[in-house]
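*Asks:* Numbering (our numbering), first residue to last: 4 to 436. The structure is given below, and queries will be raised subsequently.
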Amino acid sequence: MLFKPDGFATTPSLKKSSQRVRCTLFRAINGRPDENLTKTIEQAGGIEKIIDSDDIVLIKPNAQWWNQGAPNLCALKTFIDLIMNRAGGFNGEVVLAENCHRGKTPWNADNSGWSHAFSRNSDLKQFHNYNDLTAHLKKKYKEKFTEHHWIDVSRGGKRVYSPEDGNGYVYCDGTGGSPLMEFNNGAKGKNFRQVIMTYPIFKTDQNTVVDFKNGRWQKGGYTDQPLKFINFAALNHHSSYCGVTSAVKNYLGITDLSGGPDPHTDGKLTDKYHNFHSFPFNKWSAGPEPGMIGAEIGIFMNSIRKANFNITTAEWIGLVSRTETPVARTRAVMACTDPVALDYHAAKYILFPNSKIPVHDPDNKNGPLYQYLKKCAEYGGGILNEEDVEIQSFDFKDNHLQKHDGLIVKGDINWGNNPKMLTKYIVLRCASV
């Protein structure tokens, strides 16, 4: 299957203006992380509207980093507590799962948010990392809660072709009965690259077999038990070649990145196909064609699975780093069914006003953020035009809904005293795109 951009139908709806609403973005600011999360879900209609009583709920965080680089621990705990205690009961399962690409035992890796201690962005006493949080949730909710780590094939994971093969990754290269889902960057000569979709199959602590693409597998076939996918992200500077990392880029932590980030030394899943990092980028710099990370993720959303709901915590945001200062404390939680709309809003109204760094500006058409959001919208059916997005925002400081002309969030900035990070900020702040 070769993917090409298609048009996407929209559903007319009412809005404050004559423009039609394609989605609504909910957010809460200036409360505690638990308050912001709870109010955001309340505005979205309550947890009962998002999660049904018998769902398998798959929550994908980003714990590759710690501090502001990971979703706020208190907000995540609050969300899981809401699910488990929803009105009408909860008889399903909650699975917290990701591939943070930190080796064979990422839960022990001190360079991940699973093991590394947080110095900020926990907001829970005696909870210092994701291992602490998941241990608490497991003790509290027992078999209803599962923590699971997807592992790259090159790091000890297994390539599989169906749920009957056990835990592992499906490579959609058309071999062994797997579907062919490939995409190329349209470049010529040595810059030409191809990528395929990959996705995990895994088992929960209740021995429930979950195929990320197709749902629950039982007794030789797929069941109709709903699988709800929640994309739970943070908001930070990523790099000069990518700009911002948040809900859209969080999809990389679902895929297999075997072969590493460098297309010039390897970067291959197979002899023919690159992975989701080496396809769009030249290791830690821009790749030959702009926006390709957005294109591949958009295709993934359309062909494999798209999150039912996207949540971004922005209690702290990193202006130049996912772990170090300078940081801004913006005290916000946002949620939307569309990750492109969510990332656009988060960058425009929260990260960019605090950093003033050009690569964080989602309206800068020469910048990497705009380029990959545009491609993701084209290939995945996302919404880049903010005129098509209704905003519902609650401000705990004034205890009322915000007006649409007051959506910028300016946080208290801690500049820190790290000469390297401060120099990096100055360079990025003064750079043109």
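Note that CB positions come from ideal geometry on N, CA and C, so glycine has one too.
Take Gly171 as the anchor and find which of Asp366, Tyr202 and Lys141 has the nearest alpha-carbon.
*Replies:* Ranking the options by Cα distance to Gly171, first place goes to Tyr202.
*Asks:* How long is the line joining the alpha carbons of Lys377 and Gly294, rounded to whole angstroms?
*Replies:* Computed Cα separation, rounded: 7 Å.
*Asks:* How long is the line joining the alpha carbons of Pro283 and Cys245, rounded to whole angstroms?
*Replies:* So the alpha carbons of these two residues sit roughly 10 Å apart.
*Asks:* Which ranges does the beta strand (DSSP E) cover as unbroken runs of at least 3 residues, wholly within the segment 301–325, from first to last along the chain?
*Replies:* Taking only runs of at least 3 residues, the beta strand (DSSP E) segments lying wholly in the segment 301–325 are 312–321.
*Asks:* Spatial neighbours of Pro422 within its chain, please: CB distance less than 6 Å, with the 5 preceding and 5 following residues excluded, ordered by chain position.
*Replies:* Correct list: empty, nothing qualifies.
*Asks:* Which same chain residues, not among the five before or five after Asn417, have their C-beta less than 6 Å away from its C-beta?
*Replies:* Closer than 6 Å at the Cβ level, and outside the excluded window around Asn417, lie Thr328 and Val330.
*Asks:* Could you tell me whether the segment 103–118 touches the segment 173–191, using the rule of 3 or more Cβ pairs below 8 Å?
*Replies:* These segments do not touch.
*Asks:* State yes or no: is the C-beta of Tyr428 within less than 7 Å of the C-beta of Val323?
*Replies:* Yes, Cβ-Cβ distance for Tyr428 and Val323 is below 7 Å.
*Asks:* With a threshold of 6 Å on Cβ separation, who are the neighbours of Glu150 within its own chain once the five nearest residues in sequence on each side are excluded?
*Replies:* Correct list, in chain order: Leu99 and Thr137.
*Asks:* Nearest to Asn210 by alpha carbon, out of Phe148, Met304 and Gly301?
*Replies:* With distances taken between Cα atoms, Asn210 lies closest to Phe148.
*Asks:* With a 10 Å radius around its C-beta and 16 neighbouring C-beta atoms as the bar for buried, classify Ile368 as buried or exposed.
*Replies:* Before going on, a small fix: residue 368 reads as Lys here, not Ile. The residue is exposed, with fewer than 16 neighbouring Cβ atoms inside 10 Å.
*Asks:* Nearest-angstrom Cα distance between Phe130 and Leu40?
*Replies:* About 18 Å.
*Asks:* What does a CB cutoff of less than 8 Å around Gly262 pick up in its chain, not counting 5 residues either side in sequence?
*Replies:* Around Gly262: Ser157, Asp269, Gly270, Lys271, Leu272, His277, Asn278 and Ser281.
*Asks:* Relative to the alpha-carbon of Thr248, which residue among Leu345, Lys80 and Leu410 has its alpha-carbon at the smallest distance?
*Replies:* Nearest C-alpha to Thr248: Leu345.
*Asks:* Pull up the DSSP beta-bridge partners for Ala31, would you.
*Replies:* For Ala31, which the question treats as bridged, DSSP gives the partners Val336 and Phe397.
*Asks:* Count the other CB atoms, across all protein chains shown, that sit within 10 Å of the CB of Phe195; report buried if there are 16 or more and exposed otherwise.
*Replies:* Counting Cβ neighbours within 10 Å, Phe195 comes out exposed, since fewer than 16 surround it.
*Asks:* Can the beta-carbon of Asn313 be found closer than 7 Å to that of Asn239?
*Replies:* Taking 7 Å as the Cβ cut-off, Asn313 and Asn239 do not qualify as a contacting pair.
*Asks:* With a CB to CB cut of under 8 Å and the five nearest residues on each side skipped, what residues in its chain are close to Val430?
*Replies:* Closer than 8 Å at Cβ, skipping near neighbours: no residue.
*Asks:* Which residues bound the beta strand (DSSP E) around Asn1?
*Replies:* Coverage of the chain is limited to positions 4 through 436, which leaves residue 1 absent and any answer about it impossible.
*Asks:* If I measure Cβ to Cβ from His348 and keep anything under 6 Å in the same chain, skipping five residues before and after, which residues do I get?
*Replies:* The answer, listed in chain order, is Leu28.
*Asks:* CB-CB under 6 Å to Tyr373, same chain, minus the five flanking residues each way: which ones, in chain order?
*Replies:* So the list reads Pro365 and Asn367, once near-sequence residues are dropped.
*Asks:* Among Cys433, Ile320 and Asn33, which has the Cα closest to the Cα of Ile360?
*Replies:* Nearest of Cys433, Ile320 and Asn33 to Ile360, Cα basis: Cys433.
*Asks:* Suppose contacts are defined by Cβ-Cβ distances below 7 Å. Is Asn75 in contact with Asn124 by that definition?
*Replies:* Cβ distance < 7 Å, so Asn75 and Asn124 count as in contact.
*Asks:* Hey, out of Trp68, Val97, Leu79 and Cys77, whose CA is closest to His104's CA?
*Replies:* It is Trp68.
*Asks:* Assuming Ile59 and Ile50 form a contact by the criterion Cβ under 8 Å, report the distance between their Cβ atoms to the nearest whole angstrom.
*Replies:* About 15 Å; that fails the 8 Å criterion.
*Asks:* Per DSSP, Val1 is paired with what?
*Replies:* Residue 1 falls outside the range modelled here, since the chain spans only 4 to 436, and no answer is possible.
*Asks:* How many Å lie between Met424 and Gly414 at the Cα?
*Replies:* Roughly 19 Å separates the two Cα atoms.
*Asks:* Looking at C-alpha atoms only, which residue of Val213, Phe93 and Pro229 is the closest neighbour of Lys222?
*Replies:* When each option's Cα is compared against that of Lys222, the closest is Val213.
*Asks:* Which two residues bound the contiguous alpha helix (DSSP H) that contains Asn357?
*Replies:* Counting along the chain, the alpha helix (DSSP H) containing Asn357 begins and ends at Phe355 to Ser358.
*Asks:* Quick one: Cα of Val436 to Cα of Asn253, how far?
*Replies:* Approximately 24 Å, taken between the alpha carbons.
*Asks:* Specify the secondary structure class of Tyr225 as computed by DSSP and reduced to three states.
*Replies:* Correct three-state label for Tyr225: strand.
*Asks:* With DSSP collapsed to three states, give me the class of Gly72.
*Replies:* Helix.
*Asks:* What residues are listed by DSSP as bridge partners for Thr149?
*Replies:* Answer by DSSP bridge pairing, in chain order: Val98.
*Asks:* Straight-line CA distance for Tyr352 to Ala317?
*Replies:* For Tyr352 and Ala317, the distance between alpha carbons rounds to 11 Å.
*Asks:* If you measure between the beta carbons of Cys379 and Val198, is that distance less than 7 Å?
*Replies:* No, the Cβ-Cβ distance between Cys379 and Val198 is not below 7 Å.
*Asks:* Are the CB atoms of Pro36 and Cys77 within a distance shorter than 7 Å?
*Replies:* Yes, Cβ-Cβ distance for Cys77 and Pro36 is below 7 Å.
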